[in-house]
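Student: Once you've had a glance at the structure underneath, I'll fire off some questions.
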């Protein structure tokens, strides 16, 4: 092992950690706008701060508003996709700057600034679309839709997979359908 090996290993670990953090951030950011009031702000009960679910938001809108809102979001989809591409390209530029030899800290800082700006542009695009949809809603419908979006409901149907009857490993005891267990299961002949 030569003198450079520990530094190469440290650089690889750093690049991987930065890539993981950027990936997690991008995942959270790309889920939609955040409704964060800043320090001291507490979200409504039941609201997690892990992104905005457009599907949950749309599902909570009054039925007569839901289709128009979905059409409006579909109309702006190309703009959001373009912003997502900009974020992806900026992230790739950060990764390239981190790998570049000789290392140029100023280039990395500039690439990270570009990434922050691209993420901000994408968030603004989504936020503006949501604001346009909720602008004319009655207050109770607006709050119900926003809270559903902030809860992070990703459109799942029913309980989580590990809680559904029939999922998971077999267990001892009565059958899951509630019938009494009176011996071994019948044999198929």
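Residue numbers (our numbering): 11 to 199. For every residue, glycine included, the Cβ atom is placed at its ideal position computed from N, Cα and C.
1. On the CB-based measure, 16 or more other CB atoms within 10 Å of its CB, does residue 129 come out buried or exposed?
2. Residue 90 and residue 104: beta carbons closer than 8 angstroms?
3. Starting from residue 101, trace the alpha helix (DSSP H) in both directions and tell me its first and last residue.
4. By alpha-carbon positions, which one of 114, 125, 94, 32 ends up nearest to residue 135?
5. Taking the straight line between their C-alpha atoms, what separation do you get for residue 54 and residue 98?
6. Mapping the DSSP letters down to three states, classify residue 113 as helix, strand or coil.
7. Which residue's Cα is closest to the Cα of residue 126: 67, 32, 153?
8. State the Cα-Cα distance for the pair residue 153 and residue 69, rounded to the nearest angstrom.
9. How about residue 142 and residue 82: do their beta carbons lie closer than 8 angstroms?
10. Taking the Cβ atom as the reference point for each residue, do residue 144 and residue 155 lie within a distance shorter than 8 angstroms?
11. Which class does residue 119 belong to by DSSP, given the choice of helix, strand or coil?
12. Would residue 77 pass as a contact of residue 147 if the rule is Cβ separation under 8 angstroms?
13. Kindly indicate which three-state DSSP category residue 84 falls into: helix, strand or coil?
14. Closest to residue 222 by C-alpha separation, out of 71, 111, 28, would be which residue?
15. How many angstroms separate the CA atom of residue 113 from the CA atom of residue 131?
16. So residue 25 packs on residue 109, CB below 8 angstroms; how close in whole Å?
17. Please classify residue 23 as buried or exposed, where buried requires at least 16 other C-beta atoms within 10 Å of its C-beta.
Tutor: Concretely, from the data shown:
1. buried
2. Residue 90 places its beta carbon 8 angstroms or farther from that of residue 104.
3. 87-109
4. 94
5. The predicted model places residue 54 with a pLDDT of 41, which falls under 50 and marks its position as unreliable, so this point remains unresolved.
6. coil
7. Taking residue 126 as reference, the option from 67, 32, 153 with the minimal CA-CA separation is 32.
8. 13 angstroms
9. yes
10. Result yes, Cβ atoms of residue 144 and residue 155 sit closer than 8 angstroms.
11. helix
12. No, the pair does not count as a contact, with Cβ atoms beyond the cut-off.
13. Helix at residue 84.
14. Here the chain covers residues 11 to 199 and nothing more, so residue 222 does not appear.
15. 28 angstroms
16. 7 angstroms
17. exposed
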